[in-house]
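Numbering (the numbering used here), first residue to last: -3 to 213.
All residues carry an ideal CB built from backbone N, CA and C; glycine is no exception.
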């Protein structure tokens, strides 16, 4: 589950609701599921974990556990738009904003080349929220006969306790910065009564997955 969360509130519980509250989490979500915002089972290693319950740590100075999970940052997901090879470069988040709408104001993200990159229209569903940019990539390296390689990657900087003001993720497309998300993009959302989702602080493993959902050129 893509939780990146260190708060003890409704954001950590199943479906992001307690007795149907907050209302925004029951009507500001996925229309395929009747407007429900989240179908996640809740954050297993929560800051709400009680003393003596199973939790690997660490512990805050006040004695509460650090909220932990398995967040996901995508180096790229390949796709085809109008016959050209694109890459979607994203981070997956939980809990979710109202209508999955992250705070994508100009203070919170940078697109380095607007001719090549734009924000993804996809923002999420009941199992994940996404902050995502889509870039046209090097077509010679993507599918054509040139013996070249395109470099993809990301750099992420968590801003550890007590705040997240200087945190960011920068994605790389064809060896150049494509876009950056700052930590303020996933700040607290009062409409669904959740706290900030920090830029992921967990160490990560690399995973390559090939699936039939990808489109043919």
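Inter-residue distance for residue 128 and residue 64 is about 22 Å (C-alpha atoms, whole angstroms). For residue 16, the CB contacts under 8 Å within the same chain, skipping 5 residues up- and downstream, are 22 in chain order. Secondary structure in the segment 16 to 101: the alpha helix (DSSP H) runs of 4 residues or longer, each lying completely within the stretch, are 20 to 23 in chain order. Secondary structure note for residue 164: its beta strand (DSSP E) is the uninterrupted segment 164 to 169.
Under the criterion of beta carbons closer than 8 Å, residue 178 and residue 104 qualify as touching, at roughly 5 Å. Around the C-beta of residue 141, fewer than 16 other C-beta atoms lie within 10 Å, and the residue is accordingly described as exposed. Under the DSSP assignment, residue 125 falls outside any alpha helix (DSSP H), being part of the beta strand (DSSP E) whose first and last residues are 124 to 132. Per the DSSP secondary-structure output, residue 0 pairs with nothing in a beta bridge. Counting C-beta pairs with one atom in each stretch, the segment 51 to 59 and the segment 109 to 118 have fewer than three that are closer than 8 Å, which means they do not touch. Minimum Cα-Cα distance from residue 18 among the listed residues 26, 5, 30 corresponds to 5. In this structure residue 187 is in contact with residue 20, their Cβ atoms being roughly 4 Å apart against a cut-off of 8 Å. In its chain, beyond the 5 residues on either side, 132, 135 have a beta carbon closer than 8 Å to the beta carbon of residue 80. Between residue 0 and residue 194, the beta carbon gap of about 6 Å places them in contact (Cβ cut-off 8 Å). Here residue 14 is exposed, its C-beta having fewer than 16 other C-beta atoms within 10 Å.
In this structure, DSSP gives residue 118 a state outside helix and strand, which the three-state scheme calls coil. In this structure, the alpha-carbon of residue 202 lies about 22 Å from that of residue 137. Taking the C-beta atoms as reference points, residue 162 is found nearer than 7 Å to residue 155.
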